[in-house]
Amino acid sequence: MDGRRRNPYELTEETPVYVISVAAQLSGLHPQTLRQYDRLGLVSPDRTAGRGRRYSARDIELLRTVQQLSQDEGINLAGIKRIIELENQVAALQSRVAELESALDGAAAAMQQREAAVHASYRRDLVPYQEVQQTSALVVWRPKRQQSSD
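116 is the number that the UniProt record's numbering gives to position 116 of the sequence shown; each next residue is one higher, with no gaps.
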C-alpha cells in the first residue's frame, strides 16, 4: 500500500458490483453459464452476506476470455481452467521476482555504503602494498673491502 487511506466507495476493477444478470449481459453469456463457470472454479465471484454472486470488472473480462478461448480457440473448460491457473501463477511469480529484485537492490546499496565506510576508515599514513614485478635481471653483490689502517 502507498500509506494513503482508501476511499471505501472508490470503485476499482476488483470491486464486486455486478449481480449475475448484469454480469451475464456485460459478458454476453447466459446466467446459467456463469453459474456453471463458478461451480467449475473458472470464474469465482465474491459473495454477498445472502450468498448472492457479485462480479467485478475483472471477473467480466475473465468471463469474456473464457468464452473466447472456448468458442474461438476450441479449448475445453478443463484446459481453460489450467490456462487461468498458470496465468495466475505467472503473475504471482512476476510479482515475487519484482520483490526480490527490490530487496537485492536494497542489499547492494547497503553493501556499497558499508564498503564506503570501511574505505573511509583506512589509515592515511599506510601505503597500499603493490606487488613488484619479477624480472630476470641478475644482481651481484660484492662487499666493500676494508682498507687497512696502517
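For every residue, glycine included, the Cβ atom is placed at its ideal position computed from N, Cα and C.
Three-pair Cβ contact test at 8 Å for the stretch 92-101 versus the stretch 53-67
no
By Cβ distance, which residues of its chain are closer than 8 Å to residue 67, with the 5 residues on each side in sequence left out?
Taking the sequence shown and counting its residues from 1, one reaches residue 67 at position 67. Around residue 67: 27, 28 and 29.
Output yes or no for whether 8 Å exceeds the beta carbon distance between residue 75 and residue 42.
By 1-based counting over the sequence shown, the position of residue 75 is 75. By 1-based counting over the sequence shown, the position of residue 42 is 42. No, the Cβ-Cβ distance between residue 75 and residue 42 is not below 8 Å.
Which residues share a DSSP beta bridge with residue 47?
Position 47 of the sequence shown, counted from the start, is the residue given in the question as residue 47. For residue 47, which the question treats as bridged, DSSP gives the partners 53.
Assuming the contact rule is C-beta atoms closer than 8 Å, residue 77 and residue 34 should be a hit. Round their C-beta distance to whole Å, please.
Looking up residue 77 in the sequence shown gives position 77. Looking up residue 34 in the sequence shown gives position 34. Actually they are not in contact, since the Cβ atoms of residue 77 and residue 34 sit about 13 Å apart, beyond 8 Å.
Cβ separation of residue 53 and residue 45, assumed to be a contact under 8 Å, to the nearest whole Å:
Counting from one through the sequence shown, the residue named residue 53 turns up at place 53. Counting from one through the sequence shown, the residue named residue 45 turns up at place 45. That pair is a contact at about 4 Å.
Starting from the C-beta of residue 92, find all residues in its chain whose C-beta is less than 7 Å away, skip the five residues before and the five after it, and write them out in chain order.
For this step, residue 92 is matched to residue 92 along the sequence shown. Closer than 7 Å at the Cβ level, and outside the excluded window around residue 92, lies no residue.
Skipping 5 residues on each side, what residues in its chain have a beta carbon closer than 8 Å to that of residue 1?
By 1-based counting over the sequence shown, the position of residue 1 is 1. Confidence at residue 1 is low in this model, with a pLDDT of 46, below 50, so the placement of that residue should be treated as unreliable; the coordinate-derived value is given next. Excluding positions up to five away in sequence, the list is empty.
Provide the residue(s) that pair with residue 18 in DSSP beta bridges, ordered along the chain.
Numbered from its first residue, the sequence shown carries residue 18 at position 18. Partner(s): 55.
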